[in-house]
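Going by the numbering used here, the letters in the sequence shown line up with residues -9 to 325, in that order.
Each residue gets a CB set at the ideal place from its N, CA and C atoms; glycine is no exception.
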Amino acid sequence: MSSTGLDPDCEAGCTPPREIEDLFGHEAALAQFEAARKSGRLHHAWMITGPKGVGKASFAYKAAMSLLASSNPADAVRQKVRAQAHPNILTIRRPWDDKRKRWRGEITIDEVRRVPDFFSRSGGEEGWRIAIIDSLDEFNRNAANGLLKTLEEPPKQGLLFLVTHSPGRLLPTIRSRCRRLDLRAPPVEATRDWLVKTHNVSAEDAAAASELASGAPGRALALLQSGVVALEKDVRDLLDRLPNWDARASRRLAAKVSAKAGESLRPHLYASLTRHAARLAREDAAKGHAPEAWLDAWKSIQTLETEAESVYLDAKQAALAAFAQMESAARASRS
């Protein structure tokens, strides 16, 4: 755990996966796991796949708690898991770099070595020992090879939940030793209704978040809680005025994402602008107009984002330059 109090893949203001009670949309997957548990033939390694924000880590914690509650009171298990204090659960994630005050970019072999140590040590509580790896996509090559021995020699009453967004990129030897459980995002409309009913989100914001998240519930909540949905609305309002350009509004947005508090919004701004440039290119093409101006803007904004990160361009000036590309494309497409 870092000094920030956040998980490496949990955006500011969002609920950590271990604390999520309502695993919306995955009732069938939970039932499949429960059936395997009750059969007495529970596979030792479960690969949980699906898009980001769909609830893979939350599923792993939910399934782990159901196992541990079979030999201990459920409320006590839940409290310990929420506090990251349960001795029978080990979570492997990208470690915190205390010197640089940020999460490391990958999971290394040093982290993976904690898994066999965890399974072999005595102590803890009665029942299963469970390792949750979130996620396999962040393993480097040595870490991936290091995990194989544990997968090949499963510990007694030991279980692994392996979270992955891109199973096709993993080593075949890892995939072949796991039982795969695919989690799919609910329909956009179902997630929208869930946000309104369960989280008291306005119908407008719920629709926007669900659409941006392609129905993934956790992703939709993250977009709402991190301010991305509000940013998207501001961008859409700005673009809806085209070919007229609101310079004041664009400067306000540029200042917002260039401030320290808005740093996490910067990639979302560029993603929003390129998404709208592609949409406007398609609309022009459908009307029989040349889409080149919007396609050029799409390419230029992608380049701007890369350069802003690699050569440390001023964040505000880079955002204003991206807006200028959209304004120029709007004028060119109507000339």
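Contact between the region 173 to 183 and the region 191 to 205 is present, with at least three C-beta pairs closer than 8 Å.
Counting other Cβ atoms within 10 Å of its Cβ, Ala319 reaches 16 or more and is therefore classed as buried.
Within the region 70 to 132, the runs of alpha helix (DSSP H) that reach at least 4 residues and sit entirely inside it are, in chain order, 99 to 102 and 104 to 110. According to DSSP, Gly43 shares a beta bridge with no other residue. Taken atom to atom, the span from the alpha-carbon of Ile82 to that of Thr98 is near 10 Å. Leaving aside the five residues that flank Leu32 on each side, the residues in its chain whose CB is nearer than 6 Å to its CB run, in chain order, Ala26. Bridge partners of Asp172 according to DSSP: Thr39. If you draw a straight line from the Cα of Leu171 to the Cα of Leu221, it comes to about 34 Å. The count of Cβ pairs closer than 8 Å, one atom from the region 231 to 239 and one from the region 67 to 77, stays below three, leaving the stretches out of contact.
Ala244 is not a Cβ neighbour of Leu294, given a cutoff of 7 Å. Gly45 and Trp36 have their C-alpha atoms some 15 Å from each other.
Following the DSSP letters along the chain, one finds Thr163 inside the alpha helix (DSSP H) bounded by residues Pro162 to Arg165.
In this structure, DSSP gives Val301 a state outside helix and strand, which the three-state scheme calls coil. Linking Ala308 to Asp12 through their CA atoms gives a straight-line distance of about 40 Å.
The three-state reading of DSSP puts Phe14 in coil, since its state is none of H, G, I, E or B. The straight-line gap separating the alpha-carbon atoms of Thr154 and His266 is approximately 29 Å.
The region 165 to 252 is shown to contain whole alpha helix (DSSP H) runs of 4 or more residues at 178 to 189, 193 to 202, 207 to 215, 218 to 229 and 237 to 248, in chain order. Lys89 and Gly95 have their alpha carbons spaced roughly 14 Å apart. By the criterion of at least three beta-carbon pairs nearer than 8 Å, the region 129 to 147 is in contact with the region 104 to 121.
An exposed status is given to Ala251, since fewer than 16 other beta-carbon atoms sit within 10 Å of its beta-carbon. By the Cβ-count criterion, Val301 is exposed, with fewer than 16 other Cβ atoms from all chains shown falling within 10 Å of its own Cβ. The DSSP-derived three-state label of Thr5 is coil. Going by DSSP, Leu149 is part of the beta strand (DSSP E) stretching over Gly148 to Thr154.
It is roughly 6 Å from the alpha-carbon of Leu141 to the alpha-carbon of Arg167. When the alpha-carbon of Asn190 is set against those of Leu211, Leu126 and Trp93, the nearest one is in Leu211. In the DSSP assignment, Ser262 falls within the alpha helix (DSSP H) that extends over Arg256 to Ala276. A residue is called buried once 16 or more other Cβ atoms fall within 10 Å of its Cβ, and Asn78 is buried on that count. In the displayed model, Glu24 falls within a helix according to three-state DSSP.
DSSP, read as helix, strand or coil, puts Ser60 in coil.
Your pair Phe313 and Ser216 does not check out as a contact, with CB atoms roughly 21 Å apart and the cut at 8 Å. With a cutoff of 7 Å on beta-carbon distance, His16 and Leu173 are scored as near each other. Per the C-alpha coordinates, the member of Glu128, Asp124, Pro145 and Leu126 positioned closest to Ser112 is Pro145.
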